[in-house]
Ligand code: PGA
């Protein structure tokens, strides 16, 4: 089955409103020669930068995503942002359960599940992050961790909406470290994730779900990673903060996906 690739930039806590606008303007120029039929391209700035980025991306096919979402519709949740606030601002995607949120902000598989339900209920495309730490990999627990993150994170989700979910496999030891998973290691994890998704949603839905790789992906390794059968895109941190490096990576990813 052919899945359209999706490359998303996770800007993390970088770029104020003016810087975000400038980055998207530059990216539009850099991407003038690519076909958006080959790849979905998304940028995920911080909340306060969303407005200027949505405005800058308006006349383009660059999608805009947030980096978090709260599960409640409204109420006494200081510092949180609801699905409706995102949708009514023009946001289309949302990253859920990034390892930095799991590590520093108490995110659990249960809160990932609640946020995922809120995102799907509002028609947002969720990018749900899973991945093992170095200790888990070295302790031979990678598959057990991925299986738990998927089974608990995706509990109670209707298989009919599952094809609209994007999963990002981000081995924690590869994020921001310069240590990318080799294409073989990444492919094995992606294939395992897809088999777990099939256990939850059935084979047909699992075959339709796009699974991104994330963790030190750059233009130098994007082509080989994307040529793997179960790698359907990338979630990019550092290399997404400059228009030229992000655009180069997207072109390599498209080339790899056509291999
Ligand atoms: P990185 O980050 O590309 O800088 O490793 C990826 C991510 O955390 O999404």
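Residue numbers (the working numbering): 5 to 263.
In this text, a Cβ means the ideal position worked out from N, Cα and C, and glycines have one as well.
- Rounded to whole angstroms, residue 49 and residue 139 show a C-alpha spacing of 30 angstroms.
- In the DSSP assignment, residue 217 is bridged to 173, 238.
- For residue 233, the three-state secondary structure derived from DSSP is coil.
- Look at residue 203 here: in three-state DSSP terms it is helix.
- Between the alpha carbons of residue 81 and residue 37 lies a gap of roughly 44 angstroms.
- With the rule of 3 Cβ pairs closer than 8 angstroms, the stretch 73-92 does not count as touching the stretch 28-43.
- According to the DSSP assignment, residue 13 belongs to the beta strand (DSSP E) that extends over 9-14.
- The C-alpha of residue 45 is placed about 16 angstroms away from the C-alpha of residue 25.
- The three-state reading of DSSP puts residue 73 in coil, since its state is none of H, G, I, E or B.
- At a cut-off of 3 residues, the continuous stretches assigned as beta strand (DSSP E) that sit fully inside the stretch 57-126 are 66-70, 97-100.
- Each of 172, 23, 187 was checked against the Cα of residue 52, and the nearest Cα belongs to 23.
- Non-local C-beta neighbours of residue 239 in its own chain, meaning closer than 6 angstroms and more than five positions away in sequence, comprise 12, 14, 172, 216, 218, ordered along the chain.
- Annotated as proximal: residue 157 and residue 132, with beta-carbon spacing under 8 angstroms.
- Cβ-Cβ separation between residue 226 and residue 253: approximately 5 angstroms, consistent with a contact (criterion under 8 angstroms).
- Distance from the CA of residue 251 to the CA of residue 234, rounded to the nearest whole angstrom, comes to 22 angstroms.
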